[in-house]
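Trainee:
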Amino acid sequence: VSRLGQQHPLNAAGLASSCDPERPSDTGPSLWPVFIDHWQHESGGRAFAVGDVVRWSLVLDDGNGRHAPDEVLVTARFQLHRHPKFSSGGSIAIASRLQAWYTGPEPPGTTITFTGLLREDHHTLSLVATQGIVRQLEVITQRYEEAADGTLIVAPGSWESRVVERSPERFTAVVEPGTAATAGWRSARLLRRETGMLAWLSV
Amino acid sequence: VSPDLFGGSDLGCSGYYVASDPTQHEMSCRGTADTVNNFRIAIRYGFWNGSNGFGWSKMYYYHNLWMAPALDIIHHAGNPYGPDTNRVYAEYHTNDNGDIDQYVFVVADIQEIYFQGVKTPDNKAVGVLTGYCENAAGAQEPECPDWVNSTL
């Protein structure tokens, strides 16, 4: 079940479905929102466009770090299965034809109702794959703010999206203006950037 | 794993798993660097199979980013950014006019101890997943230019 039902424009287009997570027969939405970090795509990601068939490694993420709005979080029931090759470190979560890697505490063999963000991750999680068709694609821009340890983290509530037809060749970033007058290498304080993409998959 | 395999190396791998033949173990440490926040990040040997991989092998064989510049970026990046357990370390290069003409990124997982089902023998985070370059327009470059590796 996706929470996009009430708010996301895809619902107005009639593409999304809603269902009750308490009903055992529910197997998920007809469209699954999948977030793709900019660096995942920039480092070995394959370009794609709306209408393309894609085969991605997915992970169930609590979404807290990315501050994704509720309407792009997924709530669905997943059956957990042991990976045939790897006995630890996570399990395969299956809902209908969608498979994702799950690292929560529940053991294989159980069923969970999970609410969070689906992410594409071909770096750490090429263990399972889900095939789908990209029905809509958005580029996401977010602001950054400094955490106590100096790390720049995504500012809550700063999620902005723009609809695109294909994955971009570049993800723009705005950094604090530098003062150096000579050529050389610099480190810059990131103010805001296109943090990634949100693809709506029919699976 | 034999305890002596956790011994040191020239690149600061003391306390990390170092295989006697690093090419035979993807989790073998090749080097570490401290971030601006005093967080130690490892670059492990990793692998690159032509379509999938991580660590030094992916950086070097796929993106032509060498060890020394990657360690420098981790160490010098003033404001690492990223959600949850991922961190992105970035530096950029400006020309004589002050215009940015090159970007370099190193991405690490600072918490996860598994990579595709394989656990780090030292129980420390996997560390660097990848590193790559972008040109002046911000578009990804399949390989980092050699001048990046010789000047960083």
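Residue numbers (my numbering), protein chains in the order written: chain A, 1 to 203; chain B, 1 to 152.
Beta carbons: idealized from backbone N, C-alpha and C, even for Gly.
List the endpoints of the continuous beta strand (DSSP E) containing glutamate 148(B).
Mentor: Residue 148(B) sits at position 148 when you count from the first residue of the second sequence. For clarity, residue 148(B) is valine in the given sequence; the question names glutamate instead. It is not in any beta strand (DSSP E) - valine 148(B) instead sits in the alpha helix (DSSP H) that spans 146-151.
Trainee: What are the partner residues of phenylalanine 114(A), as DSSP defines its beta bridges?
Mentor: By 1-based counting over the first sequence, the position of residue 114(A) is 114. For phenylalanine 114(A), which the question treats as bridged, DSSP gives the partners Ala76(A).
Trainee: Which whole-angstrom value is the C-beta distance of histidine 38(A) and threonine 141(A), which I expect to be below 8 Å?
Mentor: If you number the first sequence from 1, residue 38(A) lands on position 38. If you number the first sequence from 1, residue 141(A) lands on position 141. With a Cβ gap of about 10 Å, histidine 38(A) and threonine 141(A) do not count as contacting.
Trainee: Using Cβ-Cβ distances below 9 Å, what residues of the region 70-89 of chain B are close to chain A?
Mentor: Asp72, Ile73, His76, Ala77, Gly78, Asn79, Pro80, Tyr81, Gly82, Pro83, Asp84, Thr85, Asn86, Arg87, Val88 and Tyr89
Trainee: Would you call alanine 70(B) buried or exposed, if buried means 16 or more other Cβ atoms sit within 10 Å of its Cβ?
Mentor: The residue given as residue 70(B) occupies position 70 in the second sequence. It is buried - the Cβ of alanine 70(B) has at least 16 other Cβ atoms within 10 Å.
Trainee: So which residues of chain B does isoleucine 153(A) contact, with C-beta pairs closer than 9 Å?
Mentor: The residue given as residue 153(A) occupies position 153 in the first sequence. Chain B residues near isoleucine 153(A): Tyr81, Gly82 and Pro83.
Trainee: Step through the CB atoms of chain A and report whether any lies within less than 8 Å of the CB of glycine 55(B).
Mentor: In the second sequence, the residue the question calls residue 55(B) occupies position 55. For glycine 55(B), the answer is no, since every Cβ of chain A falls outside 8 Å of its Cβ.
Trainee: Looking at chain C, is there any beta carbon in it that lies within less than 8 Å of the beta carbon of arginine 166(A)?
Mentor: Note that chain C does not occur in the displayed structure, where the protein chains are A and B.
Trainee: Using the Cα positions of serine 202(A) and leucine 137(A), report the straight-line distance between them to the nearest angstrom.
Mentor: As a working mapping, residue 202(A) is identified with position 202 in the first sequence. As a working mapping, residue 137(A) is identified with position 137 in the first sequence. Approximately 12 Å, taken between the alpha carbons.
Trainee: In the region 88-116 of chain B, which residues sit with their C-beta less than 9 Å from some C-beta in chain A, listed in chain order?
Mentor: Listed by position, the residues of the region 88-116 of chain B near chain A (Cβ gap below 9 Å) are Val88, Tyr89, Ala90, Glu91, Tyr92, His93, Thr94, Asn95, Asp96, Asn97, Gly98, Ile100, Asp101, Gln102, Tyr103, Val104, Phe105, Val107, Asp109, Glu112, Ile113, Tyr114, Phe115 and Gln116.
Trainee: Relative to the C-alpha of leucine 190(A), which candidate in Thr111(A), Ala148(A) and Glu176(A) has its C-alpha closest?
Mentor: Within the first sequence, the letter at position 190 stands for residue 190(A). Answer by Cα proximity: Glu176(A).
Trainee: Do glycine 51(A) and valine 134(A) come within 8 Å of each other at the CB atom, strictly closer than that value?
Mentor: For the purposes of this step, residue 134(A) is identified with residue 134 of the first sequence, where counting begins at 1. For the purposes of this step, residue 51(A) is identified with residue 51 of the first sequence, where counting begins at 1. Yes. Within cutoff.
Trainee: Could you tell me which whole beta strand (DSSP E) segments of length 3 or greater appear in the region 137-173 of chain A?
Mentor: 152-154 and 160-164
Trainee: Look up tyrosine 132(B) in the DSSP assignment and say whether it is helix, strand or coil.
Mentor: If you number the second sequence from 1, residue 132(B) lands on position 132. DSSP places tyrosine 132(B) in strand when its eight states are reduced to three.
Trainee: In whole angstroms, what is the alpha-carbon distance linking arginine 205(B) and aspartate 109(B)?
Mentor: Since the first and last residues shown for chain B are 1 and 152, residue 205(B) lies out of range.
Trainee: Quick check: what's the CA-CA separation for proline 156(A) versus tyrosine 81(B)?
Mentor: Within the first sequence, numbered from 1, the residue matching residue 156(A) stands at position 156. Within the second sequence, numbered from 1, the residue matching residue 81(B) stands at position 81. Computed Cα separation, rounded: 14 Å.
Trainee: What does aspartate 70(A) touch in chain B if you count any residue whose Cβ is under 7 Å from its own?
Mentor: Within the first sequence, the letter at position 70 stands for residue 70(A). Ordered by position in chain B, no residue passes the 7 Å Cβ test against aspartate 70(A), which lies about 17 Å from the chain.
Trainee: Mapping DSSP to helix, strand and coil, what is tyrosine 81(B)?
Mentor: The residue given as residue 81(B) occupies position 81 in the second sequence. Looking at tyrosine 81(B) - three-state DSSP - the assignment turns out to be strand.
Trainee: May I ask you to list the residues that DSSP assigns as paired with methionine 197(A)?
Mentor: The residue given as residue 197(A) occupies position 197 in the first sequence. DSSP lists Ile36(A) and Val139(A) as partners of methionine 197(A).
Trainee: Determine the chain A residues that contact valine 36(B) at a beta-carbon separation under 7 Å, and present them in chain order.
Mentor: Here the question's residue 36(B) lines up with position 36 in the second sequence. Residues of chain A passing the Cβ test: Gly150.
Trainee: Can you list, in chain order, the residues of its chain with a C-beta nearer than 7 Å to that of glutamate 134(B)? Leave out the 5 residues immediately preceding and following it.
Mentor: The sequence position of residue 134(B) within the second sequence is 134, counting from 1. Hits under 7 Å: Tyr103, Gln140 and Glu141.
Trainee: Report the residues of the region 131-146 of chain A with a CB closer than 8 Å to any CB of chain B, ordered along the chain.
Mentor: Tyr144 and Glu146
Trainee: Write down the C-beta distance between valine 139(A) and valine 164(A) rounded to the nearest angstrom, noting that I regard them as a contact closer than 8 Å.
Mentor: Taking the first sequence and counting its residues from 1, one reaches residue 139(A) at position 139. Taking the first sequence and counting its residues from 1, one reaches residue 164(A) at position 164. Contact between valine 139(A) and valine 164(A) holds: their C-beta atoms lie close to 5 Å from each other, under 8 Å.
Trainee: Let me know if phenylalanine 111(B) comes out buried or exposed under the rule of 16 or more other beta-carbons within 10 Å of its beta-carbon.
Mentor: Taking the second sequence and counting its residues from 1, the one referred to as residue 111(B) is at position 111. Note that residue 111(B) is glutamine in the sequence shown, not phenylalanine. It counts as exposed.
Trainee: Give the DSSP-derived three-state secondary structure of lysine 124(B) in the structure shown.
Mentor: To locate residue 124(B), count along the second sequence from 1; it is residue 124. In this structure, lysine 124(B) counts as coil in the three-state DSSP scheme.
Trainee: Of the choices Ser161(A), Pro105(A) and Gly109(A), whose alpha-carbon is the least far from that of isoleucine 94(A)?
Mentor: Taking the first sequence and counting its residues from 1, one reaches residue 94(A) at position 94. Selected option, being the one with the closest Cα: Gly109(A).
Trainee: Under 8 Å, do threonine 130(A) and leucine 80(A) count as touching if we go by C-beta distance?
Mentor: Numbered from 1 along the first sequence, position 130 holds the residue referred to as residue 130(A). Numbered from 1 along the first sequence, position 80 holds the residue referred to as residue 80(A). For threonine 130(A) and leucine 80(A), no; Cβs fall outside 8 Å.
Trainee: Using beta-carbon positions only, say whether arginine 119(A) and aspartate 61(A) come within less than 8 Å of one another.
Mentor: Residue mapping note: residue 119(A) aligns to position 119 of the first sequence, counting from 1. Residue mapping note: residue 61(A) aligns to position 61 of the first sequence, counting from 1. Result yes, Cβ atoms of arginine 119(A) and aspartate 61(A) sit closer than 8 Å.
Trainee: What is the residue span of the alpha helix (DSSP H) that aspartate 72(B) lies within?
Mentor: Position 72 of the second sequence, counted from the start, is the residue given in the question as residue 72(B). Aspartate 72(B) -> alpha helix (DSSP H) spans 67-76.
Trainee: List the residues of chain B that glycine 104(A) touches, going by C-beta distances under 7 Å, in chain order.
Mentor: The count along the first sequence starts at 1 and reaches residue 104(A) at position 104. By Cβ distance, chain B contributes nothing, its closest Cβ being about 14 Å from glycine 104(A), past 7 Å.
Trainee: When you compare the CB of lysine 156(B) with every CB in chain A, is at least one pair closer than 8 Å?
Mentor: Within the shown structure, residues of chain B are numbered from 1 to 152, placing residue 156(B) beyond reach of any answer.
Trainee: Taking beta-carbon pairs under 9 Å, can you tell me which members of the region 81-115 of chain A lie near chain B?
Mentor: His83, Lys85, Phe86, Ser87, Ser88, Gly89, Gly90 and Thr103
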